Each structure stands twice: as C-alpha cells, then as structure tokens.
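Residue numbers for the sequence shown follow our numbering, so the first one is 343 and each next one is one higher.
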Amino acid sequence: MRYKALIAIITTLVIVLSVSAMVPLSSGNQVAPSGTSANFGMNLSGSINNHFQHMHNYGARLSYNTTTGNITGKYLTANFNSTTGVFSNVTYNLTSTTIISKMYANGTSITGLNFPFIGSSHTPSINASAFGSMFLYVNTTSFFVMHNNPALQSNMMVNNGTLYLYVPSTAHIYNTTDNFQASASADMNMNEQANASVFKNANFADHTMINFNNVVNAGRKMIMIDNNGTVAMLFVHNGNFKITKNEIIINSTASHGPVLVNMVVPPGLQKTSNNSMVINNIMKGKISSQIALNYVNGTIANSTINYNSSIHFMYTGHTSSTNSFDVNSSVNHHTIVAVFIGNNMTKNTGHAYVKFDGKIATYVTMSALVNETSTTHAYYSYTNTSSGMYVFMYIPHFSNHTMVVSNEPFKNSSYTEYYIGGGIIAVLALIGVAAYVIKKKK
Numbered sequence: 343m344r345y346k347a348l349i350a351i352i353t354t355l356v357i358v359l360s361v362s363a364m365v366p367l368s369s370g371n372q373v374a375p376s377g378t379s380a381n382f383g384m385n386l387s388g389s390i391n392n393h394f395q396h397m398h399n400y401g402a403r404l405s406y407n408t409t410t411g412n413i414t415g416k417y418l419t420a421n422f423n424s425t426t427g428v429f430s431n432v433t434y435n436l437t438s439t440t441i442i443s444k445m446y447a448n449g450t451s452i453t454g455l456n457f458p459f460i461g462s463s464h465t466p467s468i469n470a471s472a473f474g475s476m477f478l479y480v481n482t483t484s485f486f487v488m489h490n491n492p493a494l495q496s497n498m499m500v501n502n503g504t505l506y507l508y509v510p511s512t513a514h515i516y517n518t519t520d521n522f523q524a525s526a527s528a529d530m531n532m533n534e535q536a537n538a539s540v541f542k543n544a545n546f547a548d549h550t551m552i553n554f555n556n557v558v559n560a561g562r563k564m565i566m567i568d569n570n571g572t573v574a575m576l577f578v579h580n581g582n583f584k585i586t587k588n589e590i591i592i593n594s595t596a597s598h599g600p601v602l603v604n605m606v607v608p609p610g611l612q613k614t615s616n617n618s619m620v621i622n623n624i625m626k627g628k629i630s631s632q633i634a635l636n637y638v639n640g641t642i643a644n645s646t647i648n649y650n651s652s653i654h655f656m657y658t659g660h661t662s663s664t665n666s667f668d669v670n671s672s673v674n675h676h677t678i679v680a681v682f683i684g685n686n687m688t689k690n691t692g693h694a695y696v697k698f699d700g701k702i703a704t705y706v707t708m709s710a711l712v713n714e715t716s717t718t719h720a721y722y723s724y725t726n727t728s729s730g731m732y733v734f735m736y737i738p739h740f741s742n743h744t745m746v747v748s749n750e751p752f753k754n755s756s757y758t759e760y761y762i763g764g765g766i767i768a769v770l771a772l773i774g775v776a777a778y779v780i781k782k783k784k
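Right, dumping it as structure tokens:
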C-alpha cells in the first residue's frame with residue numbers, strides 16, 4: 343500500500359504522455375514540450391493537454407534548456423541538473439528573491455513500472471520537461487511539479503525516503519507540527535486517497551499532484567520560509583521534518599506511504615509591511631483561507647490556500663470594480679478569510695469596500711480584526727501593496743455566506759429606498775394639502 347501513491351502518480355503521468363501520438367493538436371494551440379528529454383520523447387496530450395485546451399490558454403509559458411538546465415518563466419526561474427536530479431536557485435521573480443538554494447530527494451525505487459510510451463516495463467531514471475506553464479520531473483522514487491504562476495505552486499512526492507531543501511542564509515524558517523485547523527482525519531484522508539484512489543481517480547492525480555484546480559490544502563505540519571519579506575509556505579502530508587540552520591529535511595512516514603509536500607508563495611504576502619502579523623495569525627489559526635486573483639496571459643489565475651480543512655472558500659465572478667466570493671464551513675465558530683486582488687484584475691484605488699451577505703461590512707484596523715470575537719457583526723481590513731490589494735474579512739458565524747469586494751464605495755441602498763419613499767410621501771402629502779385647500783375654498 344505504501345508504494346501505491348507514487349506508482350499511481352507516475353503511471354497516470356505516463357498514460358497521459360503515451361496517448362499523445364494518437365491525438366492531433368490544432369495549429370497554434372499546441373503544447374510542445376520544452377527541452378524534452380529522450381525518455382519523454384513526444385508531445386503532451388491526455389488530461390494535461392485537454393486542460394490547457396479547455397482553458398484556451400496555456401498560462402505563462404515556461405522554458406527548459408536541457409543543455410544549461412535553466413528553467414525560465416515570468417514568475418519562476420530555477421536550474422535543474424538532469425544528471426543528479428538536483429534543483430538549485432528556485433527564485434520568485436516578482437520580488438527577485440531566491441526561496442530555495444538547493445532541493446533534491448532520495449527515496450526507495452519502485453521496480454516493474456509499465457511505461458507504455460517507451461514499451462513494456464522499461465523504467466527511465468530521469469524524466470524532465472516543461473509543458474505550457476508547468477515543469478514536470480519524475481523518476482522511480484519521486485515526482486515534482488512546479489507552476490510558473492503568481493503563487494509559484496509546487497508539489498513534491500517522495501516514496502519512502504527524504505526530501506532535502508536548503509534555503510538562503512538570509513532566510514528565516516518558522517514551523518508548526520500541529521496546525522489544528524487541518525484536522526487529523528482530513529490530513530489522513532488525503533494520504534489514503536493517494537494510496538488507494540489514485541489508481542482509479544485521475545482527477546486526484548491531476549488536482550493533488552499537478553494542481554489543475556489551483557487549490558492547496560494545508561497539512562498538520564507547516565513550514566514557512568521568509569527571505570527578506572518574501573514568504574513561501576510548505577505543507578507536509580504524511581511526513582516528519584527536521585530544521586537545522588538553513589537545512590530542511592522532510593522524511594516520509596513509511597507506514598502510511600509516500601510523503602507529499604505542497605509549496606506555495608502567496609501573492610499579497612510578499613514584501614508587505616504587515617506580513618509578520620499575517621504569518622503569526624495564520625500560525626495561530628485565526629486566518630483560515632485565502633484566495634489570490636491575477637490576470638495571467640488574458641485569463642484569471644485563481645490560487646486558493648486552505649489552512650483550515652473545514653472551510654470552503656470559492657471565487658464566483660467579477661465586474662470592472664468588484665470581485666465576488668462564496669464561503670461556508672462545516673463548523674460554526676468565527677474566522678478570518680483573506681483575498682488578494684492583483685492590480686491587473688481590478689484597478690487599485692487605494693481603498694477597499696466589502697459587502698457581506700448583501701450588507702456593507704465595517705472597516706477596522708488589522709490589529710482590531712485579528713482580535714475580534716463578535717458572533718453577529720462582520721468586519722474587514724485591508725493592506726495596499728505595490729502589486730495589489732490584500733483584504734481580510736472577519737466572519738462572525740457560519741452557514742452559507744456571500745462576500746463582495748469593491749474598489750469603489752457601495753451605494754447605500756437602504757438610504758436610497760428611504761429617500762425615494764420619503765419623496766413619495768412628501769408628494770402625497772402635498773396632494774392631500776392641495777385637495778383640502780380646494781375643498782375648503784368651495
């Protein structure tokens with residue numbers, strides 16, 4: 343059972359690759375693998391290509407030079423050594439900051455895998471390529487996915503082994519081994535799905551490893567890397583970690599299968615004046631979820647991070663001045679959700695206004711918001727950044743709620759209705775007085 347997750351992920355990827363020769367791609371809408379190794383050997387099709395074609399957009403394209411090992415994109419740059427399987431200088435381009443100096447994995451090799459696009463049971467040692475906006479690397483022990491998007495979403499899975507990460511000497515590392523917002527059952531359920539369901543459920547492979555749904559769910563164990571104000575988060579599922587100076591070592595819990603690690607660099611939390619306060623309240627469990635919205639190559643890039651396994655926070659649409667969301671939870675206590683809206687999504691006017699369940703919410707300072715305990719009133723706060731608006735919403739209780747964030751003041755509908763009603767009453771009163779005067783003259 344412990345090997346099923348990695349076997350399934352690799353098998354799913356291989357099946358996706360194997361059908362590419364049979365599915366023609368339309369001219370100008372083709373995802374030609376960039377820097378394809380000999381073992382990849384053909385155009386990408388199947389579920390990955392279908393996803394890109396369905397979106398009619400391949401995101402911010404990523405290039406991979408097999409000679410130099412350079413991975414280059416708008417949001418991500420890194421280097422990959424195909425001989426050793428080592429990543430180096432993983433950099434978040436929006437702040438020109440290196441997040442990880444070096445990263446690699448050692449695990450237990452799985453033998454007897456079937457790679458149909460190569461033939462029979464030949465198992466390649468290294469497979470690395472860029473497809474559209476993604477970089478994929480898979481071997482017999484591990485699986486890596488890196489996205490060239492504003493959140494730099496990445497996933498790493500290692501079979502019965504160890505993931506090594508080294509951060510720059512200027513970085514600080516924070517961690518918790520008991521993120522109580524992520525229930526133990528939810529954390530275990532993710533691992534059970536990886537072990538049991540991935541064989542029969544391609545959606546799980548697509549969503550959990552390749553991240554087509556752009557949702558990252560926190561685990562019980564969280565690690566945060568802060569390099570001069572640029573913050574990256576690591577969520578560890580079915581693993582233990584040890585931190586020594588600038589080294590992070592993550593080991594799988596062999597009894598429950600491979601270790602799964604999600605990495606994300608939340609837009610809005612980068613180089614901001616209050617990011618230490620936000621990080622602190624995420625670690626304390628006061629901020630349960632956040633959504634980041636940006637336009638990427640003409641389409642909306644929606645990145646969701648759920649720190650709380652009971653929260654369902656969803657982006658539902660936008661206009662030229664507003665963005666709308668639905669939020670609900672299986673628990674009833676209050677919490678805070680966050681929204682980052684990039685400047686290329688909605689014009690940053692320097693102010694944010696929020697409606698909660700159709701009513702205008704009250705603005706408070708961030709320090710007041712994180713200490714709020716009301717069970718009846720909704721409050722919000724916001725922070726301006728150079729790249730967009732970071733809005734925080736205090737939700738007093740839970741059922742199903744709606745939330746609208748605007749860069750312009752909302753019209754006070756109740757006042758307008760009162761004004762119109764008052765006008766009608768005044769007109770009726772004047773008519774009554776006139777009628778009384780006319781009647782009296784007669």
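C-beta atoms are modelled at their ideal positions from N, C-alpha and C, and glycine is treated no differently. Nothing here was measured: the structure is a model prediction, and the numbers come from that model.
Inside the segment 658 to 682, DSSP marks whole beta strand (DSSP E) runs of 3 or more residues at positions 664 to 671, from first to last along the chain. For the segment 562 to 591, the continuous beta strand (DSSP E) assignments of 3+ residues that do not extend past its boundaries occur at 563 to 569, 572 to 579, 581 to 586, in sequence order.
In this structure, DSSP gives Ser-716 a state outside helix and strand, which the three-state scheme calls coil. DSSP places Val-620 outside any beta strand (DSSP E); the residue lies instead in the alpha helix (DSSP H), whose first and last residues are 617 to 625.
Taking Tyr-695 as reference, the option from Tyr-732, Val-432, Thr-717, Ser-618 with the minimal CA-CA separation is Tyr-732. For the set Lys-697, Thr-439, Ser-511, Asn-421, the Cα lying nearest the Cα of Ala-472 is the one of Asn-421. Counting along the chain, the unbroken alpha helix (DSSP H) around Met-708 starts and ends at 708 to 711.
Assignment of Asn-448 by DSSP, reduced to helix, strand and coil, places it in the strand class.
By the criterion of at least three beta-carbon pairs nearer than 8 Å, the segment 496 to 510 is in contact with the segment 579 to 595.
The three-state secondary structure of Tyr-479, taken from DSSP, is strand. The criterion of a C-beta distance shorter than 8 Å is not satisfied by Gln-495 and Asn-559. According to DSSP, Val-557 shares a beta bridge with Thr-646. Taking a C-beta distance under 8 Å as the contact criterion, Ser-430 and Ser-443 qualify as a contact pair. Annotated three-state conformation of Leu-494 is coil, per DSSP. Taking all protein chains shown into account, Pro-751 has fewer than 16 neighbouring C-beta atoms within 10 Å of its C-beta and is therefore exposed.
Only exposed fits His-719, as fewer than 16 other CB atoms lie within 10 angstroms of its CB. Taken atom to atom, the span from the alpha-carbon of His-676 to that of Lys-628 is near 9 Å. Under the three-state reduction of DSSP, Phe-485 is assigned to strand.
Around the CB of Asp-668, fewer than 16 other CB atoms lie within 10 Å, so the residue is classed as exposed. Taking a 10 Å sphere around the C-beta of Ser-652, we find 16 or more other C-beta atoms and assign the residue as buried.
Collapsing the DSSP output to three states places Ala-402 in coil. Ser-631 is bridged by DSSP to Asn-648, Val-679. A direct Cα-to-Cα measurement between Gly-449 and Val-480 gives close to 12 Å.
Counting the other Cβ atoms within 10 Å of the Cβ of Asn-665 gives 16 or more, which makes it buried. Rounded to the nearest whole angstrom, the CA to CA distance from Asn-435 to Val-679 is 26 Å.
Three or more Cβ pairs closer than 8 Å define a contact, and the segment 700 to 716 falls short of that threshold against the segment 682 to 692. The three-state reading of DSSP puts Ala-694 in coil, since its state is none of H, G, I, E or B. If you ignore the 5 residues before and after Gln-632, its C-beta comes within less than 6 Å of the C-beta of Ile-647, Ala-680, all in its own chain and listed in chain order. Under the DSSP definition of a beta bridge, Phe-422 partners with Phe-429. Annotation: the continuous beta strand (DSSP E) that includes His-743 extends over 742 to 748. C-alpha of Ile-624 to C-alpha of Leu-611: approximately 12 Å in a straight line. The C-alpha of Val-578 is placed about 17 Å away from the C-alpha of Lys-626. Judged by DSSP secondary structure, Asn-726 falls within the beta strand (DSSP E) whose first and last residues are 721 to 726. Going by C-alpha positions, Met-566 is about 31 Å away from Thr-704. Per DSSP, Asn-686 lies in no beta strand (DSSP E) and is assigned neither H nor E. As a beta-bridge residue in DSSP terms, His-514 pairs with Asp-568.
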